[in-house]
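Asks: Here it is, the structure in full.
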Amino acid sequence: MDGFRRNLTNSILIQLFDYWRGRLGADGRMRRDKLDPGDIRSVLPYVFIVEPVPDTRRFRYRLVGTYIQSRIQRKIEGLTVEEVREGPIVQHLNDLFGTAAATGTPAIGVSVLTGKTLPTAVYRRMVLPMTTSDGTVDQLLGGWVAEYDHLLPPECQTLEAQERPISLTVMTSD
0 MDGFRRNLTN SILIQLFDYW RGRLGADGRM RRDKLDPGDI RSVLPYVFIV EPVPDTRRFR
60 YRLVGTYIQS RIQRKIEGLT VEEVREGPIV QHLNDLFGTA AATGTPAIGV SVLTGKTLPT
120 AVYRRMVLPM TTSDGTVDQL LGGWVAEYDH LLPPECQTLE AQERPISLTV MTSD
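Mapping of the sequence shown onto numbering that gives the first Met the number 0: residues 0 to 173, in sequence order.
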């Protein structure tokens, strides 16, 4: 896990990862009942929780922080990725969430936001599996941060521009 952490470059994602890692049980997993939002107040605006939709490779947003809501500009709790986004980013997000859920390991997805004449913002989403008492991954704790979005004009600081997937990284053992 140290190798995964060394590759994190954003302080918000580092804080969230360290919190998650500090709550891992003897089995190397974090039970979702160990999540205490009061312990991560400083990063809550950037946090989301998704749950797998049974018998599919789709995911539903259960909780979404205020920073994320400000970018999406609508309430998305209860909606699936497909109901919120369109284009190649849908497959990217479902792959990101699906990989972390299936492997029980953290994963990071990177995408860029571009427009015809707009500067680019780089989005990083990290997901951390949480389990039930029987070890089943039933939720993913996530962090979503943007780099360079402060350079975009206010009317473009939303997800209405085109978001394109760049990479997906899964934690490997060190």
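For each residue, glycine too, the CB sits at the ideal point set by N, CA and C.
#1: Take the Cβ of Q72 as the centre, count every other Cβ of all protein chains shown within 10 Å, and call the residue buried at 16 or more, exposed below.
#2: For R57, tell me which candidate among L43, E81, I75 has the shortest Cα-Cα distance.
#3: Per DSSP, what kind of secondary structure is V52 in: helix, strand or coil?
#4: Express the C-alpha separation of R59 and T131 in angstroms, rounding to a whole number.
#5: What does a CB cutoff of less than 7 Å around N93 pick up in its chain, not counting 5 residues either side in sequence?
#6: According to DSSP, is A145 part of a helix, a strand, or is it coil?
#7: Give a yes or no on whether the C-beta atoms belonging to I176 and G141 are separated by under 8 Å.
#8: Would you tell me roughly how many angstroms separate the C-alpha atoms of D54 and G27, rounded to the nearest one?
Replies: Let me spell this out:
#1: Burial call: exposed.
#2: Closest option to R57, Cα to Cα, is E81.
#3: Three-state result, V52: coil.
#4: Roughly 17 Å separates the two Cα atoms.
#5: Excluding the 5 residues flanking it on each side, N93 has same chain C-beta neighbours closer than 7 Å at R56, R57, F58, V80, in chain order.
#6: Strand, per DSSP.
#7: Nothing about residue 176 can be reported from this structure: the residues present for the chain run from 0 to 173 only.
#8: As the crow flies, the alpha-carbon of D54 is around 25 Å from that of G27.
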